[in-house]
Structures are given as C-alpha cells and as structure tokens.
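Under mature numbering (1 follows the signal peptide of the UniProt record, and there is no 0), the letters of the sequence shown match residues -28 to -1, 1 to 363, in that order. All residues carry an ideal CB built from backbone N, CA and C; glycine is no exception.
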Amino acid sequence: MEFYQKLATCSHLSLLCFILLHSIQVQGSYFDQEYGKQVLSSAIQDKDWLVSIRRIIHEYPELRFQEYNTSALIRTELDKLGIYYEYPFAKTGLVALIGSSSPPVVALRADMDALPLQELVEWEHKSKVTGKMHGCGHDAHTAMLLGAAKLLNERKDKLNGTVRLVFQPAEEGGAGAYHMINEGALGDAEAIFGMHVDFKRPTGSIGTSPGPILAAVSFFEAKIEGKGGHAAEPHATVDPILAASFAVVALQQLISREVDPLHSQVIEGQAAVHRCKAYIDMKEEDFPAYPACINDERLHQHVGRVGKLLLGSENIKETEKVMAGEDFAFYQELIPGVMFQIGIRNEKLGSTHAPHSPHFFLDEDVLPIGAALHTAIAEMYLNDYQHPIAV
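This is the structure we're talking about:
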C-alpha cells in the first residue's frame, strides 16, 4: 500500500510538472513578433490622448517639488482609468499599482519636473510660464508612463505579478528619487526600468548598454573671504576675487588638462598662499550626491529583447557613456535597474537639439513607442522572472 501511495504522489507531481512546463511554454511562445505588433498598435491608437496629456504638461511646466498640477493631472487620468495609486510621496510624487498584487514586482519610473529655462521654440503649445520649460523631455516621460498605465490596466488579467508605476518629482538637482525611496515608493519592487529621450538617436530606436552609463554628480559651494581696504592701499587688503580667479584657472588648467581624469588630484594650500579664508559646503542636505548610473546586465538584455520584438533588431543599439547625472541611480543602489535611451531625433520637425537647450523640441511620435516599450518590458519581466513555488 505504501508503494502505491508513493507512486500516486509521484504521478501527481509529474502531472503538476507537466502542467507547469506546458504553461511556461505557452507563455513563452506568446511573446513573439505578433505580440510586439499588438502592443505597439494598441499604443498608437492612444496617440492623440498621449499627445494631449504631454502638451498640457508642456504648457504648464513646474520646477522640482512644485509639480502639484502635473501630479493632479496624472491622478485625474488614473481615476478615469480606474487605476489604484498611492499619494503623496516626496510632496508631489505618486505610485500606481497594476496587476495581481503578488510577486514578482517590477517598477517603471518617470520624472515630472521642468527646468528654469525660457523656451525659445515658437509653436502653438509653447510654455505659458515665463522662465520655465520642459527642456529635458520629462513631460514626454510622464505621458509615456501614463500611456503604459492605460495599456497595462487593459492587460491586467495577463500580468503574472505586479507593476509599480513611479511618477517622481525633482530629478533636476532635487534628488527626488532619494526622497521617494525614503518614503517607501519602491515597495517590494525587485527591479526597475526607466527611459530618457535621446536627441541623437532617431525616433523609433533605442539605446541600451550594461554597466556604468552615467556619472556620479555632487554639488558644492565654495566661499572665499578676503580683507577689505582703501583702493589707495591695495597692499593692505586681501583680494578674494583674485584668489577665486586663480582657483578657477588652476582647476581648469592643472586638474582638467595635466592629470588623468580617472585619477583624483587636489591643489592644496591655496588659501594660505593668497592670505584668504576658504570654506566648502558640499550641500548634502539640500542636494544629496547622485551615484553613478550602473545598468544591470540581465535587465539590459531584457530591454534589448523587448526592443527587438517591438522595433526590430536594427533599431536597437548600444548607448555611449555620458558625463551627466541621473537620480535614477539611487534606485539602482537598492535593486537591479536599467536606464535606457529612446530616440526622438527628427530633422524635419527640428527635434535635433540637446536637452537643457531653450530650443529643445520633441518628436511626439515617440510617445506611443515609449508607452508600448514600458508595457512590454513590465509584462515580459513578470513572465520571465517568476518566483519558484515551494512544494
């Protein structure tokens, strides 16, 4: 009898293994070229809506930690779609949740803040706020993630886990990601993906690379104190302007020209030489130092696979390392993540200027592409990285 009980148990386990393997095979075959076309087609159908959202945000840009109207617009759209979200994080941020509420959990991130920049592009949806402009594409990032929320919600019965959509404030110098993390925005996320528009890359293509892709960034304030006096007796004064000028020249001439940039160097004793007092404030409370962005190899491969399904292998390229900073790196310090580039270059439209330029202009054809990529990246991740079930 004991033998037959063991045999029956083995039979049940064999049947269970067969069902699981069959399920995995069916799910794996589902993510093919036809799937890519389907997701992209669904996103393209939403293009008018995506464009309208992006233009509203573009016309009324808000600086770091002031994104109240932008955040309200996102919440209104999520309410219309019937999507649950948590608010606030870091003053204006929010996190939408879609899926089964069970693991695995993957996060998608978009930044919302604008720049203190006067827009010089003359078009019908130019910024209506003097001295403020979405000159880095964050309006597009936000619209694309909102588009992904709509698509993922329509496909929620197909999600084998949970997606956290992170709408983050204050990427531009405010370390919004740092504050979002401290307030629990990541939740149980085990991986995170973000994208940034790239004016060098044609619309319809993406760039992704593993390892370090963006630099670490620190902010500091230097204060040099001298001694005042009469212009007739310059020898009795200590001129802080001369000392500051020498510091600038020395940093540029010696450090940046005579030393390997991969090796750190310090010019010492200059305050004493110029008879001044010098103080350095690293501004860590107001501006936490940004770590370097380091892309996870496995997730980089995942982005490449998704990109090939949606856009074709010819439109997936490596991205160059750039000496700029991104607070997305704070997320990557805690969990594996990938920041990849999505092309917006379109010379006919004038979408050829670098971010942080008053002439920056965006090819809005990127919006459904970004929404589709976010959607497929999340859905395929949840399928590919299922947690083992304890028997």
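Between the CA atoms of residue j and residue i - distance to the nearest angstrom
| i | j | result |
| --- | --- | --- |
| phenylalanine 332 | histidine 30 | 12 Å |
| leucine 45 | isoleucine 239 | 50 Å |
| leucine 226 | valine 220 | 10 Å |
| methionine 295 | leucine 117 | 26 Å |
| proline 360 | tyrosine 56 | 28 Å |
| glutamate 59 | alanine 82 | Here residue 59 turns out to be tyrosine, not glutamate, going by the sequence shown. Distance between the alpha carbons of tyrosine 59 and alanine 82 is about 15 Å. |
| glutamine 38 | lysine 255 | 20 Å |
| histidine 151 | phenylalanine 61 | 8 Å |
| histidine 267 | phenylalanine 312 | According to the sequence provided, residue 267 is asparagine. The question's histidine does not apply to it. Approximately 9 Å between the Cα atoms of the pair. |
| serine 285 | isoleucine 178 | 10 Å |
| valine 11 | aspartate 232 | 47 Å |
| aspartate 51 | asparagine 41 | 15 Å |
| glutamate 143 | glutamine 237 | 29 Å |
| leucine 283 | glycine 315 | 12 Å |
| aspartate 356 | alanine 348 | 12 Å |
| arginine 47 | lysine 289 | 35 Å |
| proline 330 | histidine 97 | 14 Å |
| aspartate 129 | glutamate 91 | 43 Å |
| glutamine 273 | leucine 214 | 53 Å |
| residue 418 | proline 33 | There is no way to answer for residue 418, as the model of the chain reaches only from -28 to 363. |
| histidine 235 | alanine 261 | 19 Å |
| valine 189 | alanine 163 | 23 Å |
| alanine 222 | glutamate 197 | 18 Å |
| isoleucine -5 | glutamine 358 | Confidence is the limiting factor: at isoleucine -5 the pLDDT is only 40, short of 50, which leaves the residue's position unreliable and the question unanswerable from this model. |
| lysine 280 | asparagine 287 | 7 Å |
| serine 72 | glycine 148 | 28 Å |
| alanine 187 | glycine 145 | 14 Å |
| residue 365 | alanine 301 | As displayed, the chain neither begins before -28 nor continues past 363, which places residue 365 out of reach and without an answer. |
| glutamate 257 | arginine 127 | 42 Å |
| histidine 207 | arginine 36 | 46 Å |
| isoleucine 16 | threonine 291 | 26 Å |
| histidine 328 | glycine 297 | 13 Å |
| valine 78 | lysine 122 | 16 Å |
| lysine -23 | methionine 352 | Reliability of the predicted coordinates at lysine -23 is poor, the pLDDT of 42 falling under 50, and the value obtained from them is presented with this limitation in mind. The alpha-carbon atoms of lysine -23 and methionine 352 are separated by roughly 37 Å. |
Contact test: residue i Cβ vs the ligand ATP heavy atom, cutoff 7 Å
| i | result |
| --- | --- |
| asparagine 125 | Within the structure as shown, the ligand ATP is missing, as the structure has no ligands at all. |
Of the residues the options, the one placed nearest residue i, counting alpha carbons only
| i | options | result |
| --- | --- | --- |
| leucine 158 | Lys172, Asp268, Phe139 and Phe171 | Phe139 |
| cysteine 8 | Val278, Glu126 and Leu354 | What sits at residue 8 in the sequence shown is glycine, not cysteine. For the residues Val278, Glu126 and Leu354, the minimum Cα distance to glycine 8 belongs to Val278. |
| lysine 195 | Asp211, Asp335 and Ala216 | Ala216 |
| aspartate 85 | Gln17, Arg317, Trp21 and Ala112 | Ala112 |
| phenylalanine 3 | Leu131, Glu230, Leu87 and Ser24 | Leu131 |
| aspartate 253 | Ala161, Pro184, Phe191 and Thr48 | Phe191 |
| aspartate 335 | Ala344, Thr175, Asp211 and Ile185 | Thr175 |
| serine 14 | Met352, Leu354 and Ala343 | Ala343 |
| glycine 322 | Glu94, Asp160, His246 and Ile185 | Glu94 |
| arginine 173 | Lys19, Ile25, Glu319 and Gln5 | Glu319 |
| phenylalanine 259 | His207, Thr209, Glu162 and Asp299 | Asp299 |
| histidine 106 | Leu53, Asp160 and Val169 | Val169 |
| lysine 100 | Gly109, Cys108, Leu89 and His110 | Leu89 |
| alanine 326 | Gly109, Leu80, Trp21 and Gln5 | Gly109 |
| alanine 243 | Pro212, Pro263, Glu126 and Asp160 | Pro212 |
| asparagine 125 | Glu49, His328 and Glu292 | Glu49 |
Burial state of residue i, where buried means 16 or more other Cβ atoms lie within 10 Å
| i | result |
| --- | --- |
| alanine 350 | buried |
| asparagine 154 | exposed |
| tyrosine 251 | exposed |
| leucine -8 | Low per-residue confidence applies at leucine -8: pLDDT is 40, beneath 50, and the placement is therefore not dependable, though the value from the model is reported in the following sentence. It counts as exposed. |
| residue 368 | Missing from the structure shown is residue 368; the chain here goes from -28 to 363 and no further. |
| valine 275 | buried |
| leucine 271 | buried |
| histidine 346 | buried |
| leucine 354 | buried |
| valine 245 | exposed |
| serine 74 | exposed |
| glycine 54 | exposed |
| arginine 247 | exposed |
| threonine 64 | buried |
| proline 76 | buried |
| threonine 102 | exposed |
| glycine 183 | exposed |
| serine 181 | buried |
| serine 43 | buried |
| aspartate 160 | exposed |
| arginine 317 | buried |
| aspartate 18 | buried |
| glycine 166 | buried |
| lysine 293 | exposed |
C-beta neighbour in chain D for residue i, strict 8 Å
| i | result |
| --- | --- |
| valine 221 | The chain inventory of the structure shown lacks chain D, comprising one protein chain alone. |
Given 8 Å, three or more beta-carbon pairs between the region 109 to 125 and the region 332 to 342
yes
Cβ contact (3+ pairs, closer than 8 Å) linking the region 124 to 142 and the region 66 to 84:
yes
Three-pair Cβ contact test at 8 Å for the region 307 to 318 versus the region 201 to 210
no
Please go through the region 49 to 114 and give each complete alpha helix (DSSP H) segment of 4 or more residues, from N-terminal end onward.
none
Write down every uninterrupted run of the alpha helix (DSSP H) in the region 243 to 314 whose length is 4 residues or greater and which is fully enclosed by it, in chain order.
269 to 283 and 300 to 306
Which ranges would you report for the beta strand (DSSP E) in the region 107 to 155 if only whole runs of at least 3 residues count?
134 to 140
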